[in-house]
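**Q** If you scroll down you'll find the structure; I have some questions about it.
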Amino acid sequence: MSGRGANSRRRPMLKVIILGDSGVGKTSLMNQYVNRKFTNQYKATIGADFLTKDVEIDGKNVTTQIWDTAGQERFQSLGVAFYRGADCCVLVFDVNNSKSFDQLDSWRDEFLLQASPRDPDNFPFVVLGNKVDLEESRRQVSQKRALAWCQQKGKIPYFETSAKEAINVDMAFQTMAKNALDQEADVEL
Amino acid sequence: MPSAIAPITNRFSQRVIRDVVGSLTVGIASGYAYWHMVHLPSIEQWRAYDKKVMAETKIIHDAWAAEQGNSFDHLLGTDNESISSNVGGSLNSISAIKLRAIAADLEDNAGEASSTHENASTPTPEHHQFGNSDSLDSHLLQDNSLSRMDAKQTGNIPSGGTSSLIGPISLSPLPLSLDASNLSFGVNPTLHETNSESDTFEPDLVIQQSLLSAILEPLEGAHPWKQNSLSSSDQELFPNQESPLNSFSAPSEKSSTWPQRRKHFFILSSAGKPIYSRYGSENEVTELMGIFQTIIAIVDDDSDDGDVINSFRAGTHLFVFKIMGPLYLVAVAATGETEEELKRQLEYLHDQIISVTTQTQINRIFEKRSNYDLRQLLTGTDVLLSKTISSFRLSHLHLLSSPSNVFINPKLRGKLHKALSSPAQHSTAALNTSSSSMSIPSHLLTTLLTTPSRLISSFRNPVLLHARDIFVIQNLIAAAANGAGFRAGEAWMPVCLPAFDSRGFVNIYVCCVLKCGADSGSGSGVESVFLGGNGVLGDGSAAVAGVRAGGVAASRVQHDEEDVFLVAVSRDREGFFDISEYKEAVFQTLQANGALDELEDALLDNPYRLTDFEGIPSQVRHFLCRNKKKMQYSECRSAPPYTSAGDYDRLQLLYQTLFSKIGKPTESAARPAKLVYLKGTHEAVVYLATSSYDIFAAYHPLISKQDAEDSTRLLYKWIKRMDGHLFCD
Chain E
1 MSGRGANSRR
11 RPMLKVIILG
21 DSGVGKTSLM
31 NQYVNRKFTN
41 QYKATIGADF
51 LTKDVEIDGK
61 NVTTQIWDTA
71 GQERFQSLGV
81 AFYRGADCCV
91 LVFDVNNSKS
101 FDQLDSWRDE
111 FLLQASPRDP
121 DNFPFVVLGN
131 KVDLEESRRQ
141 VSQKRALAWC
151 QQKGKIPYFE
161 TSAKEAINVD
171 MAFQTMAKNA
181 LDQEADVEL
Chain B
1 MPSAIAPITN
11 RFSQRVIRDV
21 VGSLTVGIAS
31 GYAYWHMVHL
41 PSIEQWRAYD
51 KKVMAETKII
61 HDAWAAEQGN
71 SFDHLLGTDN
81 ESISSNVGGS
91 LNSISAIKLR
101 AIAADLEDNA
111 GEASSTHENA
121 STPTPEHHQF
131 GNSDSLDSHL
141 LQDNSLSRMD
151 AKQTGNIPSG
161 GTSSLIGPIS
171 LSPLPLSLDA
181 SNLSFGVNPT
191 LHETNSESDT
201 FEPDLVIQQS
211 LLSAILEPLE
221 GAHPWKQNSL
231 SSSDQELFPN
241 QESPLNSFSA
251 PSEKSSTWPQ
261 RRKHFFILSS
271 AGKPIYSRYG
281 SENEVTELMG
291 IFQTIIAIVD
301 DDSDDGDVIN
311 SFRAGTHLFV
321 FKIMGPLYLV
331 AVAATGETEE
341 ELKRQLEYLH
351 DQIISVTTQT
361 QINRIFEKRS
371 NYDLRQLLTG
381 TDVLLSKTIS
391 SFRLSHLHLL
401 SSPSNVFINP
411 KLRGKLHKAL
421 SSPAQHSTAA
431 LNTSSSSMSI
441 PSHLLTTLLT
451 TPSRLISSFR
461 NPVLLHARDI
471 FVIQNLIAAA
481 ANGAGFRAGE
491 AWMPVCLPAF
501 DSRGFVNIYV
511 CCVLKCGADS
521 GSGSGVESVF
531 LGGNGVLGDG
541 SAAVAGVRAG
551 GVAASRVQHD
561 EEDVFLVAVS
571 RDREGFFDIS
581 EYKEAVFQTL
591 QANGALDELE
601 DALLDNPYRL
611 TDFEGIPSQV
621 RHFLCRNKKK
631 MQYSECRSAP
641 PYTSAGDYDR
651 LQLLYQTLFS
661 KIGKPTESAA
671 RPAKLVYLKG
681 THEAVVYLAT
691 SSYDIFAAYH
701 PLISKQDAED
711 STRLLYKWIK
721 RMDGHLFCD
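From first to last, the protein sequence lines are chains E and B. Heads up: the first sequence begins at 1 in UniProt numbering, then just goes up one per residue. Heads up: the second sequence begins at 1 in UniProt numbering, then just goes up one per residue.
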């Protein structure tokens, strides 16, 4: 058979799902990460957006296929379709909105139920507390509280991010891709 | 007594009369006074003011109208060409038409305005004839059927047997919105179900909208207006210039043109991860894959009734979906092929994946890990898929579910078959005197003598391979033809034959017994050029240039000069040496009885020309014939006009249309049709079914139905007489 192509091993592709309440900044985070752009305007995601980005993790090239979902409840009937075969799940909340933090539990449960990963306890999640660029007085969820929740749910990595100021965004996605890759390596076919 | 009352009554009536007359007089007088002294002057005043305003408005309006009138003159040229250049570049045809209508409306206004004012240019009459292009109406008609989604029951729902199914879900004809700000094309689908549970679809409605427009956006570029520079046949002829998915890492500058292609194939996993795309880079197709996955899932997941999406149409593109377990296959074509045909093609593509992995393995992998990236397992097999896709245009194997055979005389067929079935035991002493036949290895399932595209002879011991399996084998040989291929030495490899047994591998042995083809290194064989063009295999660029220079006609003679391979299928993994020995015996026998030389000569005359034979009616331009019992087909050599790819494609479409009409009862007749006559603009085609043959023949478009039928029957007689030449046992 053909010699070319056979030796160049394909870069792995990771399917990443972004979940969280409506308006916490999922699309903005994705846009900041992929396109390095931010806009203050709010435009509700309809259904889902799909973007890809190539990253290098520990010298290994990986393509991330990011599925940005709509936070609004009316779109959530699409769950199974979106969640199936995900490699990693990013949970996003707004640090200035404690309700969006409270909802993380149900987002996580919903994901595990719908996606039914093989090893739910060790499925790679990442939690992002977004919009830390806003003034401290408006903050409703403390870092301590968020960290406590992440610890309790099985040491989920937690990042305080700002899609606007591009704080921690790359770092968060890097960690996520790394964890997903590690998970990948564990599995024997 | 009577005198006392009379005067009173009289006085009363006098009084009444006087009052009535008096009040009428005063009223009328005051009315007149008001009309003339109050009302009329005020009216005069208003009129004067109005006149002043009108004059001012007219000045502003005329200035505007003059300006607009000019720009519309520019936009609405008298011919369609200028419209396409102005509008078609950025718009789908639908919105272009919409825009045209609006422009015409506006232009009418402008026309009115300018007619009241001498200074403005009066528009030419053509401008008002908004329907002056015939194509417009047909476009509109076509677009009314936009995005019809059928979610019918298909045969391969795992649960099977569910008889009570929800009726087809349809997307009604869609209102099209024209966003004035950026003239982008949007679709507002409204889902309505024939069934009661329409409320469950409520949330998806809006998603459909974004999804559909997201799909249409990239494919919008495929609008014919935009392709003026590249003729469609050119594009299909060099289908693989762009880097296919396997060369993802290499950045491709031309990648943005991929949506302009007329025919796309996508394979994705049920998780929406890309596995294969005919065109486009990974980043570009990933989004589309996600959308496809979502569309499939919307129809599939929402209900437990086993409904799956079959196809929908958006503009000129037909989207066809095939769900094969954990793999989703999607064909997007603007070629005019039917849903049925595209589904068939998707099945053959799926067979290619199965042939390297087995169905069992695929199922197991995705059961364990739905997020598996199947490309890891399929590394290097893109060439098989690309080759399969290019064969869709060249071969009728997929349509007729039977391999094509070469034309050789029955005596030679006998020799070949005898060599395969009972090869003489060869000894170094005397080759041709030995009569003891060698024992055939018991694990040998079947032997084929074949070229990369056509079967020559087969020996079935004891299995009969399905056309799908034969295609897997032939495609493997064809795809390998460019590299070192199977020309040198013997090859032994595990292959899964999907129709024979999709659960496991058999081993196939391939050895070239007759080298007719040119050396692949020289790039002169068109077969190799075809593959070289896709950039997957080596020596591509030079070869592409060769084909470009050679022009379209070269593509049609690709059957010539093909190598002949002996393929043996064995169920024993360790059986290589037995088979090799068997092949050697066959080879010696063939050499001894001179069959190989005869075969080489015979292949030079293949495919046969219509003019070579007395019995073929002269009106026949082209024909295809399938032997129903032997399940093989034969095709004559293409003569002009079918030597050009475009004409041949059109003929193929007509054959497909004929084929879709046969074999099943029609509305008018309960029994399947035996004779179908179809008249196109460039040719008339006839299908004739007899007890043992299916015959497709093409004629001049003006031939009468009777003549076409008569000459097809004559052709049938010829085919019957030449059966031994055309088909092997």
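Ideal Cβ positions, reconstructed from N, Cα and C, are used throughout, including at glycine.
Does any CB atom of chain E fall closer than 9 Å to the CB of THR294(B)?
**A** Yes, contact with chain E.
**Q** Mind reading off the beta-carbon distance from ASN495(B) to SER355(B)? Whole number of angstroms is fine, and I expect it under 8 Å.
**A** The sequence shown places Val at residue 495(B), rather than the Asn named in the question. Yes, they are in contact, since the Cβ atoms of VAL495(B) and SER355(B) sit about 6 Å apart, within 8 Å.
**Q** Using a threshold of 9 Å, state whether the C-beta atoms of VAL90(E) and MET13(E) are closer than that.
**A** Contact: no.
**Q** Measure the C-alpha to C-alpha separation of PRO135(E) and ASN40(E) and round it to an integer number of angstroms.
**A** Just to set this straight, residue 135(E) is Glu in the shown sequence, not Pro. Spanning the two alpha carbons is a distance of roughly 16 Å.
**Q** Classify ASP54(E) as buried or exposed, calling it buried when 16 or more other Cβ atoms lie within 10 Å of its own Cβ.
**A** Exposed is the call here.
**Q** Is it the case that the region 687-697 of chain B contacts the region 620-631 of chain B, given that we only count it when at least three CB pairs across the two stretches are under 8 Å?
**A** Verdict: yes, contact present.
**Q** Determine the chain B residues that contact GLN152(E) at a beta-carbon separation under 9 Å, and present them in chain order.
**A** Result: empty, since nearest Cβ-Cβ is about 26 Å, beyond 9 Å.
**Q** Taking 9 Å as the cut-off, decide whether the C-beta atoms of ASP182(E) and PRO124(E) are in contact.
**A** Yes, they are a contact pair.
**Q** Which term fits ILE18(E), buried or exposed, when burial requires 16 or more other beta carbons within 10 angstroms of its beta carbon?
**A** The residue in question, ILE18(E), is buried, as its Cβ has 16 or more Cβ neighbours within 10 Å.
**Q** Taking the alpha carbon of ARG108(E) as the point to measure from, which residue in ARG118(E), LYS131(E) and LYS153(E) has its own alpha carbon closest?
**A** Cα-wise, what sits closest to ARG108(E) is LYS153(E).
**Q** Excluding the 5 residues flanking HIS725(B) on each side, which residues of the same chain have their C-beta closer than 7 Å to its C-beta?
**A** So the qualifying residues of the chain are PHE407, ILE408, ASN409 and PRO410.
**Q** Quick one: using the 10 Å Cβ neighbour count with 16 as the cut-off for buried, is MET171(E) buried or exposed?
**A** Flag for MET171(E) reads exposed.
**Q** Using alpha carbons as the reference points, say which of GLY615(B), TYR276(B), THR657(B) and SER401(B) lies closest to THR379(B).
**A** Closest option to THR379(B), Cα to Cα, is TYR276(B).
**Q** For the region 372-388 of chain B and the region 273-293 of chain B, state whether three or more C-beta atom pairs, one from each stretch, are separated by less than 8 Å.
**A** Judged by Cβ distances under 8 Å, the region 372-388 of chain B makes contact with the region 273-293 of chain B, as three or more pairs qualify.
**Q** Measure the alpha-carbon distance for HIS417(B) versus GLN588(B) and round it to whole angstroms.
**A** In a straight line, the C-alpha of HIS417(B) is about 14 Å away from that of GLN588(B).
**Q** Can you name the start and end residues of the alpha helix (DSSP H) that HIS725(B) belongs to?
**A** Its alpha helix (DSSP H) spans residues 723-726.
**Q** Output yes if chain A places a C-beta closer than 9 Å to the C-beta of SER355(B); else output no.
**A** Absence of chain A from the displayed structure is noted, the protein chains being E and B.
**Q** Using alpha carbons as the reference points, say which of MET722(B), SER422(B), LYS343(B) and GLU562(B) lies closest to GLU600(B).
**A** For the residues MET722(B), SER422(B), LYS343(B) and GLU562(B), the minimum Cα distance to GLU600(B) belongs to GLU562(B).
**Q** Which residue marks the beginning of the beta strand (DSSP E) containing ARG20(E), and which one marks its end?
**A** It is Gly, not Arg, that sits at residue 20(E) in the sequence shown. 13-20 is the extent of the beta strand (DSSP E) around GLY20(E).
**Q** What do you get for PHE565(B), buried or exposed, if any count of 16 or more other CB atoms within 10 angstroms of its CB means buried?
**A** Buried, by the Cβ-count rule.
**Q** So is ILE18(E) in contact with chain B if we call contact Cβ pairs under 9 Å?
**A** False, the Cβ-Cβ gap to chain B never drops below 9 Å.
**Q** My understanding is that LEU445(B) touches SER570(B), with C-beta atoms under 8 Å, so please give their C-beta distance in whole angstroms.
**A** Rounded, the Cβ-Cβ distance is 6 Å, consistent with contact.
**Q** Please confirm if PRO218(B) has its CB atom under 9 Å from at least one CB of chain E.
**A** Any answer about PRO218(B) is weak, because its pLDDT of 45 lies below 50 and its placement is not dependable; what the coordinates show is given next. No, no contact with chain E.
**Q** DSSP beta-bridge partners for HIS622(B)?
**A** Partner(s): ALA698(B).
**Q** According to DSSP, is PRO403(B) helix, strand or coil?
**A** Coil at PRO403(B), not helix or strand.
**Q** Determine the direct distance from the alpha carbon of GLY27(B) to that of ARG11(B), and round the result to whole angstroms.
**A** So the two alpha carbons sit approximately 24 Å from each other.
**Q** Kindly indicate the opening and closing residues of the beta strand (DSSP E) around CYS89(E).
**A** Segment 88-94, the beta strand (DSSP E) holding CYS89(E).
**Q** Can you pull the chain B residues whose beta carbon is under 9 Å from the beta carbon of LEU63(E), in chain order?
**A** Sequence check: residue 63(E) is Thr here, not Leu. Near THR63(E) (Cβ distances below 9 Å), the residues of chain B are PHE248, GLU282, ASN283 and THR286.
**Q** Quick check on the burial criterion: 16 or more other C-beta atoms within 10 angstroms. Buried or exposed for MET722(B)?
**A** Result: buried.
**Q** If you drop the 5 nearest sequence neighbours on each side, which residues of the same chain put their C-beta closer than 8 Å to that of ASN283(B)?
**A** Closer than 8 Å at Cβ, skipping near neighbours: no residue.
**Q** For the region 561-595 of chain B, enumerate the residues whose C-beta is nearer than 7 Å to any C-beta of chain E, in chain order.
**A** Cβ contacts with chain E: none found.
**Q** Can you tell me the Cα-Cα spacing of GLN32(E) and ILE167(E), whole angstroms?
**A** Cα to Cα, the separation comes out at about 10 Å.
**Q** How should THR433(B) be labelled, buried or exposed, when 16 other C-beta atoms within 10 angstroms of its C-beta is the threshold for buried?
**A** A caution first: THR433(B) carries a pLDDT of 47, below 50, which makes its placement in the model too unreliable to give a value.
**Q** Touching or not, the region 395-403 of chain B and the region 470-480 of chain B, by the rule of three or more beta carbon pairs under 8 Å?
**A** Enough Cβ pairs lie closer than 8 Å, so yes.
**Q** Does LYS143(E) pass the burial test, meaning 16 or more other C-beta atoms within 10 Å, or should it be called exposed?
**A** Note that residue 143(E) corresponds to Gln in the displayed sequence, not to Lys. When all chains shown are included, GLN143(E) counts as exposed.
**Q** Evaluate GLY20(E) with the Cβ neighbour count: other Cβ atoms within 10 Å of its Cβ, from every protein chain shown; 16 or more gives buried, anything less gives exposed.
**A** So GLY20(E) counts as buried.
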